[in-house]
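Undergrad: Residue numbers for the sequence shown follow the working numbering, so the first one is -15 and each next one is one higher.
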Amino acid sequence: MMYYLPSRNLLGRGCLNELGGEIKSYGFKKAFVVTDKGLSKNGILKMVTDQLEKSEIDYVVYDEVSPNPTTRQVHNGVEVLQEEDCDFILSVGGGSPQDCAAAISIITTNGGDIRDYEGLHKSSRPGYPTIAVNTTAGTSAEITINYVITDEDRGVKMVCVDKNSIALLSVSDPELMVNKPADLTAATGMDALTHAIETLVTPGANPVTDATALEAVRIIFKYLPAAVKNGHDLDAREQMTYACFLGGMAFSNAGLGYVHAMAHQLGGLYDLPHGVCNAMLLPIVEKRNAKYAPKKFRMIAEALGFPQIGQTDEEASDFVIEKIRELAAEVGIPTSLKELGVENPDLDTLAENSLKDACAPGNPYMPTKEETIEMFKEIL
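(1) Who are residue 103's beta bridge partners in DSSP?
(2) I need the boundaries of the alpha helix (DSSP H) containing residue 212, first residue and last residue.
(3) Tell me whether residue 171 sits in a helix, a strand or coil according to DSSP, three-state version.
(4) Just checking, does the region 206 to 219 make contact with the region 184 to 193 on the three C-beta pairs under 8 angstroms criterion?
(5) Let me know if residue 182 comes out buried or exposed under the rule of 16 or more other beta-carbons within 10 Å of its beta-carbon.
(6) DSSP three-state call for residue -13: helix, strand or coil?
(7) Just to confirm, is the Cβ distance from residue 303 to residue 331 under 8 angstroms?
(8) Just grab the DSSP bridge partners of residue 77 for me.
(9) In chain order, which alpha helix (DSSP H) runs of at least 4 residues are fully inside the region 245 to 291?
(10) Identify, in the order they occur along the chain, each residue of the same chain with its Cβ nearer than 7 angstroms to the Cβ of residue 280, setting aside the five sequence neighbours on each side.
(11) Compute the Euclidean distance between the alpha carbons of residue 324 and residue 103, then round it to the nearest angstrom.
(12) Secondary structure at residue 217, three-state DSSP: helix, strand or coil?
(13) Quick check on residue 29: does DSSP put it in helix, strand or coil?
(14) Name the two residues that bound the continuous beta strand (DSSP E) containing residue 311.
(15) For residue 105, is the classification buried or exposed, using 16 other Cβ atoms within 10 angstroms of its Cβ as the cut-off for buried?
(16) Can you find the residues in the same chain that come closer than 7 angstroms, C-beta to C-beta, to residue 84, ignoring five residues on each side of it along the sequence?
(17) Among the candidates -15, 340, 335, 137, whose CA atom is the shortest distance from the CA of residue 353?
(18) Please determine, among 166, 160, 221, 237, the residue with the shortest C-alpha to C-alpha distance to residue 400.
(19) From what residue to what residue does the beta strand (DSSP E) around residue 16 run?
(20) Give the secondary structure of residue 69 by DSSP, where H, G and I count as helix, E and B as strand, and everything else as coil.
(21) Quick one: is residue 270 buried, meaning 16 or more other Cβ sit within 10 Å of its Cβ, or exposed?
(22) Please state the DSSP three-state secondary structure of residue 3.
(23) Measure the CB-CB distance between residue 130 and residue 155 and report whether it falls below 8 angstroms.
(24) In terms of alpha-carbon separation, which member of 202, 23, 242 lies closest to residue 285?
(25) Can the beta-carbon of residue 363 be found closer than 8 angstroms to that of residue 301?
(26) Where residue 296 and residue 262 are concerned, what is the direct C-alpha to C-alpha distance, given to the nearest angstrom?
(27) Going straight from the alpha carbon of residue 111 to that of residue 87, what length do you get?
(28) Whole angstroms are fine: how far does the CA of residue 38 sit from the CA of residue 328?
(29) Would the beta-carbon of residue 42 fall within 8 angstroms of that of residue 8?
(30) Looking at the unbroken alpha helix (DSSP H) that takes in residue 356, where does it start and where does it end?
(31) Are the region 169 to 178 and the region 248 to 265 touching, with three or more C-beta to C-beta distances below 8 angstroms?
(32) Among 96, 16, 26, 29, which residue has its Cα nearest to the Cα of residue 68?
(33) Which same chain residues end up closer than 8 angstroms to residue 76 when comparing Cβ atoms and leaving out the 5 residues on each side of it in sequence?
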C-alpha cells in the first residue's frame, strides 16, 4: 500500500509562528502567494505575510482565486509566477486557493493545459515546490493528492488525482480560523464529514484509513456544532483542525465516492458551494450505499454511540443517516437547491456527468443514470 502525505506538517495553535523558519530551512527566497480576495481583505493573509516579512522572505500575492477555481485562473497564475521569478508557491486559504495552487504547481513543471491532467496521475514530473497554509477545517486540500478545477467551457469540475501535486509542508493553525463565518464553518465541517464517511465505505479503504476516518467522524459530531455556534471557541476550532487532517489522511489514500461525484456537477454547472452540496447529498447517497457496506455503517454507528448488541445492520445504517441529517440541521445547512437559487436544474446533464466523475468508481456500487436523477430530485 502506498500512503501519501506531505513530508512535514504543522498542526495546532500558534504553529503559524514557525512558518518563516520552515521556509528558510528549504532555502526559499520568494513566495508566490495564492489566495483569494476575501482573505486579502479580512486580515488573515496579513497574519501569514507578517511571518514572511519577519523572516525577510520576499513575496508576491495572486488573489484572483474564486470559490470554484477555474482553468483561466490557473493559467493566469502560472504566467504571473514565471514573470515574478518566485522559487516556491505558498497557498493560503481553504480548498479553493489550495486546489488552484496545486494546479499551478503541476503546470509550471509539466507544461500543457490543466485539462490534460484531469483523472488519475497524469503528470510525469513533481510539481513546483509548494507550502500550504490552511485556513478552514474541512477540505483537507492542503495535505491531499487531489485538486479540483472548473472547466468553464464545459461547465464541469475536473477532478485531478496526482501524487506529484502534494505539498512539501502543510500548516494548520486554528487561530487562522476563528473569524470564519458560521455558514462557512458549517459547510466546510460537513465537507470533512463527507470525506470521512465516503472514505470508510469505499472499496479502497483499509485498516489505516478506517482508523483515521472513524476518529474524524467522532470529532466532527462532537465539535462542529460548537465551532459553528462560537467561532472563537479555540478548543472546538482546534479539534476540527485535527478532524480535517485525519479525514484528509484517509481519503487522499483510499478515495471518495458518489456524494462527491454528484456535488462536483452542482459546483461546476451552477457554481454552488462544495461543502453545502456534499452535506445535502450525503444522507441521500449513503442511504443507498448502506446495503453494500453494512459492516462499515455498523462501525460508524458504534462510533456515534449506537448499541453494539441486538440491533440489525439496517437499524445501524438508519441510525447513521438520521444522525447526519440531525447534524446538518443543527449547523444550518440548506436542504434544497431552491434555497441556493437553482430552481430548474438540468438533471440529465447532472446525472450523466456524475457517472463520468473521477470519484464515482470509489462508491460501493455504481448507481444508474435513473437512480442519480432520483437522488438529485430529493434535493430540489
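Think of the CB as a built atom: it goes at the ideal place given N, C-alpha and C, for glycine as much as any other residue. Fair warning: this is a prediction, and the values are worked out from it, not measured in the lab.
TA: This is what the structure holds:
(1) Residue 103 pairs with 144.
(2) Per DSSP, the unbroken alpha helix (DSSP H) holding residue 212 starts and ends at 191 to 213.
(3) Residue 171 carries a helical assignment under DSSP once its states are collapsed to helix, strand and coil.
(4) Counting Cβ pairs under 8 angstroms, fewer than three are found: no touch.
(5) Taking every protein chain shown into account, the CB of residue 182 has 16 or more other CB atoms within 10 angstroms, so this residue is buried.
(6) Reduced to three states, the DSSP call for residue -13 is coil.
(7) No, Cβ-Cβ distance for residue 303 and residue 331 is not below 8 angstroms.
(8) DSSP lists 118 as partners of residue 77.
(9) The region 245 to 291 contains these whole alpha helix (DSSP H) runs: 258 to 273, 278 to 287.
(10) These residues qualify, in order along the chain: 184, 185.
(11) Taking the straight line joining both Cα atoms gives about 29 angstroms.
(12) Assigned with DSSP and collapsed to three states, residue 217 falls in coil, not helix or strand.
(13) The answer is helix: DSSP assigns residue 29 an H, G or I state.
(14) Following the DSSP letters along the chain, one finds residue 311 in no beta strand (DSSP E) but inside the alpha helix (DSSP H) bounded by residues 297 to 314.
(15) Residue 105 is classed as exposed because its beta carbon has fewer than 16 other beta carbons within 10 Å across all chains shown.
(16) So the list reads 18, 49, 53, 57, 58, 61, once near-sequence residues are dropped.
(17) In this structure, 335 is the residue among -15, 340, 335, 137 with its C-alpha nearest to the C-alpha of residue 353.
(18) Past the edges of the chain, shown from -15 to 364, lies residue 400, and the structure says nothing about it.
(19) In the DSSP annotation of this structure, the continuous segment of the beta strand (DSSP E) that includes residue 16 starts and ends at 14 to 18.
(20) Coil, per DSSP.
(21) Buried.
(22) Looking at residue 3 - three-state DSSP - the assignment turns out to be helix.
(23) Between residue 130 and residue 155, the C-beta gap is not smaller than 8 angstroms, which leaves the two residues out of contact.
(24) Residue 202 is the option with its Cα nearest to residue 285.
(25) Taking C-beta atoms as the reference points, residue 363 and residue 301 fail to come closer than 8 angstroms.
(26) Across the structure, residue 296 and residue 262 are spaced so that their CA atoms are roughly 27 angstroms apart.
(27) Straight-line Cα distance between these residues: approximately 9 angstroms.
(28) A straight-line Cα-Cα distance of about 52 angstroms links residue 328 and residue 38.
(29) Taking 8 angstroms as the Cβ cut-off, residue 42 and residue 8 do not qualify as a contacting pair.
(30) For residue 356, the enclosing alpha helix (DSSP H) begins and ends at 353 to 361.
(31) They touch, by the three-pair rule.
(32) For residue 68, the closest of 96, 16, 26, 29 by C-alpha to C-alpha distance is 16.
(33) Cβ contact annotation for residue 76 (same chain, cutoff 8 angstroms, sequence separation greater than five): 17, 18, 19, 23, 28, 29, 32, 117, 119, in chain order.
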